[in-house]
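Take a look at the structure set out below.
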Amino acid sequence: MTRVLLAAALFALSAAAAAGGNAQAGKAKAGACVGCHGANGQGAGPIPALAGKSEEELLRALKDYKSGKRTNATMKNAVGQVKDADMPNLAAYFASLKKK
Ligand code: HEC
Numbered sequence: 518m519t520r521v522l523l524a525a526a527l528f529a530l531s532a533a534a535a536a537g538g539n540a541q542a543g544k545a546k547a548g549a550c551v552g553c554h555g556a557n558g559q560g561a562g563p564i565p566a567l568a569g570k571s572e573e574e575l576l577r578a579l580k581d582y583k584s585g586k587r588t589n590a591t592m593k594n595a596v597g598q599v600k601d602a603d604m605p606n607l608a609a610y611f612a613s614l615k616k617k
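Going by our numbering, the letters in the sequence shown line up with residues 518 to 617, in that order.
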């Protein structure tokens, strides 16, 4: 059992690493996000910061909004404009920003 769990954990880690989006490409698409999340991903009022979060965490959130696993009308609308292929790049870009 421990072995199975360990194998699963290793797989999850390597899958996360392989997800590695391209932050430069993400920056080019981030215009649709910064109006709400701030030019440096710092967030504003009720809008959460994206800077300082991990790429995996951000990508997971985007996928969950798109699939409906995480429900938020604003973000569902926002991810509706994003191609699946751009999601890892956006996640990589915002993860690369320093939390202010
Ligand atoms: C109209 C304003 C608006 C726009 C545009 C917008 N967001 Fe959001 N975003 C929000 C709000 C509000 C939340 C909090 C939703 C919730 O409570 O789940 C959020 C949450 C998130 C989260 C989850 C953060 C967390 O702490 O879990 C991520 C990731 C995210 N947005 C990424 C993006 C990306 C990438 C874009 C551009 C494609 C984008 N957002 C565009 C308003 C916006």
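Beta carbons are placed, not taken as given, at the ideal position from N, Cα and C, and that holds for glycine.
Beta-bridge pairing of residue i - partner residues as DSSP gives them
i, result
"A561", "I564"
For residue j and residue i, the rounded distance between their alpha carbons
i, j, result
"K583", "R520", "33 Å"
"A534", "D603", "Only weak support is given to the placement of A534: the predicted model assigns it a pLDDT of 49, under 50, and the value that follows is read from those uncertain coordinates. Distance between the alpha carbons of A534 and D603: 16 Å."
"G558", "G543", "13 Å"
"G585", "G555", "24 Å"
"S613", "K600", "20 Å"
Test item: CB-CB of residue i and residue j under 9 Å
i, j, result
"L576", "C550", "no"
"K468", "F611", "Since the first residue shown for the chain is 518 and the last is 617, residue 468 is missing from the structure and cannot be characterised."
"A609", "G538", "yes"
"C553", "A545", "no"
Burial state of residue i (16 or more Cβ within 10 Å)
i, result
"P605", "buried"
Reference residue i; option with closest CA among the options
i, options, result
"P563", "E572, L614, G585, T591", "T591"
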